[in-house]
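A.B. asks: Below you'll find the structure I mean.
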Amino acid sequence: MWPKKIQQFILTQNQPKFRTNQAIAAFCKFGAKSFADVRVWPNALRETADKTITAMSFVKTQIFQSRDRSTYKATLQLIDGSMIETVLMSPKPGVYSVCISSQVGCAMNCAFCATGKMGLQRSLTAEEIIDQVLFWIQYNQEHHLFDRLHNIVYMGMGEPLANLTAVEESLRILIDSQAFNFSTRHISVSTSGLVLGIAHFAKHWPQINLAVSLHNAIEDERTELMPINKTYSLVKLQKALQNYFHYANRKVFIEYILLKDRNDTTRHAKALIDFIQKIDKPQLLHVNLIIYNETQAGFAGSSKETATVFMQKLKQAHISVTMRKNMGRDISGACGQLAGKNR
Ligand code: SF4
Numbered sequence: 004m005w006p007k008k009i010q011q012f013i014l015t016q017n018q019p020k021f022r023t024n025q026a027i028a029a030f031c032k033f034g035a036k037s038f039a040d041v042r043v044w045p046n047a048l049r050e051t052a053d054k055t056i057t058a059m060s061f062v063k064t065q066i067f068q069s070r071d072r073s074t075y076k077a078t079l080q081l082i083d084g085s086m087i088e089t090v091l092m093s094p095k096p097g098v099y100s101v102c103i104s105s106q107v108g109c110a111m112n113c114a115f116c117a118t119g120k121m122g123l124q125r126s127l128t129a130e131e132i133i134d135q136v137l138f139w140i141q142y143n144q145e146h147h148l149f150d151r152l153h154n155i156v157y158m159g160m161g162e163p164l165a166n167l168t169a170v171e172e173s174l175r176i177l178i179d180s181q182a183f184n185f186s187t188r189h190i191s192v193s194t195s196g197l198v199l200g201i202a203h204f205a206k207h208w209p210q211i212n213l214a215v216s217l218h219n220a221i222e223d224e225r226t227e228l229m230p231i232n233k234t235y236s237l238v239k240l241q242k243a244l245q246n247y248f249h250y251a252n253r254k255v256f257i258e259y260i261l262l263k264d265r266n267d268t269t270r271h272a273k274a275l276i277d278f279i280q281k282i283d284k285p286q287l288l289h290v291n292l293i294i295y296n297e298t299q300a301g302f303a304g305s306s307k308e309t310a311t312v313f314m315q316k317l318k319q320a321h322i323s324v325t326m327r328k329n330m331g332r333d334i335s336g337a338c339g340q341l342a343g344k345n346r
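Just so you know, we're using the working numbering here: the sequence shown kicks off at 4 and counts up by one.
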């Protein structure tokens, strides 16, 4: 569903402008699946719209539910046959977040990530991005899981800042009061460290939460895990964060997946502490630790004991840190596991 398409259609039909907002509300707020569900429109207009405009950008869906029912993953087949994945998570009772993809595959090729193994097939359009949120609103109409969605996180397949134009267009619709009306405080965009994109976000989207996937604070080891580090080294990333704080003066989340023996030792904890403490305003950085969810990439997750010791070391250095709950492992819906396959 794309508001501009509806607006153009309404113009061609010589209908009053308010019809556009009626349809947008029916989709975004009430989970309409087609124009037939826009019940405030006259019948003839609904029929013509369904014959003229493709309402949704995906054609087929498959849904997987985790055993503990806290996580749902949907594989969506787009009109051109591409497959993407989106995840609905409930980290605590009554709170629901949606994780959305921004690309089919990803060019960043992080060594531990199932999406990275696919390579980049293409970037998503803004419509394909917001339709993932619409999908869960539609799903909720039948399953009554939540009263409202609390958070939207751009942490699915792809590097959002490598698809900046579409991501920005999608953000505008997500926060538009006539459409989804999400608060900017409840939207997070994650990056593997594209420093130009971070600078752009600092200037244009300071109110949106930014998360940076770090995963290792030792230069050559990070390059092994995340090849983007060759272009945007840790030193450049530190400067980008410094600049971000200058413009946005807002907390940034450092995402750190704990991989057994690869980034979870005392040496790695010290490097992470050092990375953070070298930045002015280190109090504006919050570290989210998450134990790696295994894929076929050949890495193992750290043990709970090792993860706890790692977290303690950060705490002792007065670094703000949380251990994030692992969700959706059994349906390959957890961090780093999305790969657009029917499984
Ligand atoms: S971790 Fe993120 S940036 Fe890295 S390959 Fe996977 S999707 Fe791309």
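All C-beta atoms, glycine included, are put in the ideal place defined by N, C-alpha and C.
Provide the residue span of the beta strand (DSSP E) that contains Asn219, from first to last.
C.D. replies: Neither: Asn219 is in no beta strand (DSSP E) and is coded neither H nor E.
A.B. asks: Relative to the C-alpha of Thr241, which residue among Lys36, Ile276 and Glu227 is closest?
C.D. replies: For clarity, residue 241 is Gln in the given sequence; the question names Thr instead. Among Lys36, Ile276 and Glu227, the Cα nearest to that of Gln241 is on Ile276.
A.B. asks: Determine the DSSP secondary structure at Tyr295, reduced to helix, strand or coil.
C.D. replies: Residue state, collapsed to three classes: coil.
A.B. asks: Tell me which same chain residues have a C-beta within less than 6 Å of the C-beta of Asn291, skipping the five on either side of it?
C.D. replies: Excluding positions up to five away in sequence, the list reads Phe256, Glu258, Thr325 and Arg327.
A.B. asks: Could you give the uninterrupted runs of the beta strand (DSSP E) lying entirely in the segment 166-228, keeping only those of 3 residues or more?
C.D. replies: Qualifying beta strand (DSSP E) stretches, in chain order: 190-194 and 212-216.
A.B. asks: For Gly122, which of helix, strand or coil comes out of DSSP?
C.D. replies: Residue state, collapsed to three classes: coil.
A.B. asks: State yes or no: is the C-beta of Ser100 within less than 9 Å of the C-beta of Ile87?
C.D. replies: No, Cβ-Cβ distance for Ser100 and Ile87 is not below 9 Å.
A.B. asks: For the alpha helix (DSSP H) that contains Val312, what are its first and last residues?
C.D. replies: From DSSP, the alpha helix (DSSP H) with Val312 extends over Lys307 to Gln319.
A.B. asks: Which same chain residues, not among the five before or five after Glu131, have their C-beta less than 7 Å away from its C-beta?
C.D. replies: Same-chain partners within the cutoff: Ser60 and Leu81.
A.B. asks: Output needed for Met229: all residues of its chain with C-beta closer than 8 Å, excluding positions within five of it in sequence on either side, in chain order.
C.D. replies: Closer than 8 Å at Cβ, skipping near neighbours: Met111, Cys113, Ala114, Ser195, Gly196, Ser216, His218 and Asn219.
A.B. asks: For Thr55, which residues from the same chain have a beta carbon less than 8 Å from its beta carbon, with the 5 sequence-adjacent residues on both sides left out?
C.D. replies: Closer than 8 Å at the Cβ level, and outside the excluded window around Thr55, lie Phe12.
A.B. asks: Less than 8 Å separating the Cβ of Thr118 from some heavy atom of the ligand SF4?
C.D. replies: Yes - the ligand SF4 has a heavy atom lying nearer than 8 Å to the Cβ of Thr118.
A.B. asks: Looking at C-alpha atoms only, which residue of Lys120, Leu123, Asn154 and Gly119 is the closest neighbour of Val1?
C.D. replies: The structure shown does not extend to residue 1, since the chain is modelled only from 4 to 346, so the question has no answer here.
A.B. asks: Where does Glu145 land, buried or exposed, given buried means 16+ other C-beta within 10 angstroms?
C.D. replies: Exposed is the call here.
A.B. asks: Using 10 angstroms around the beta-carbon of Ser306, count the other beta-carbons present and answer buried if the total reaches 16, otherwise exposed.
C.D. replies: So Ser306 ends up on the exposed side.
A.B. asks: Enumerate in chain order the residues of its own chain whose CB-to-CB distance from Pro19 is below 7 Å, with the five nearest sequence positions on each side excluded.
C.D. replies: Cβ within range, chain order: n/a, list empty.
A.B. asks: Please state whether DSSP places Cys102 in a helix, a strand or coil.
C.D. replies: In the structure shown, Cys102 sits in a strand (DSSP, three-state: E or B).
A.B. asks: With a CB to CB cut of under 6 Å and the five nearest residues on each side skipped, what residues in its chain are close to Ile221?
C.D. replies: Hits under 6 Å: Ala274.
A.B. asks: Let me check you understand the geometry: is the CB of Cys113 closer than 8 Å to at least one non-hydrogen atom of the ligand SF4?
C.D. replies: Yes, the beta carbon of Cys113 sits closer than 8 Å to at least one heavy atom of the ligand SF4.
A.B. asks: Between which two residues does the alpha helix (DSSP H) containing Lys63 stretch?
C.D. replies: From DSSP, Lys63 is part of no alpha helix (DSSP H) but of the beta strand (DSSP E) over Phe61 to Gln68.
A.B. asks: Within 10 Å of its beta-carbon, does His321 have 16 or more other beta-carbons around it, so buried, or fewer, so exposed?
C.D. replies: Exposed.
A.B. asks: Using DSSP bridges, identify the partner residues of Phe38.
C.D. replies: Partner(s): none; Phe38 has no beta bridge.
A.B. asks: Going by the CB atoms, is the gap between Ile294 and Pro285 shorter than 9 Å?
C.D. replies: No, the pair does not count as a contact, with Cβ atoms beyond the cut-off.
A.B. asks: Could you tell me which of Phe38, Lys76, Glu308 and Leu127 sits nearest to Ala165, measuring between CA atoms?
C.D. replies: Measuring from the Cα of Ala165, the nearest candidate turns out to be Leu127.
A.B. asks: Pull the bridge partners of Val290 from the DSSP assignment, please.
C.D. replies: In the DSSP output, where bridge partners are listed per residue, Val290 has Ile257 and Val324.
A.B. asks: Apply the 10 Å Cβ neighbour rule to Gln1 and answer buried if 16 or more other Cβ atoms are within range, or exposed otherwise.
C.D. replies: Any question about residue 1 goes unanswered here, given that the chain covers just 4 to 346.
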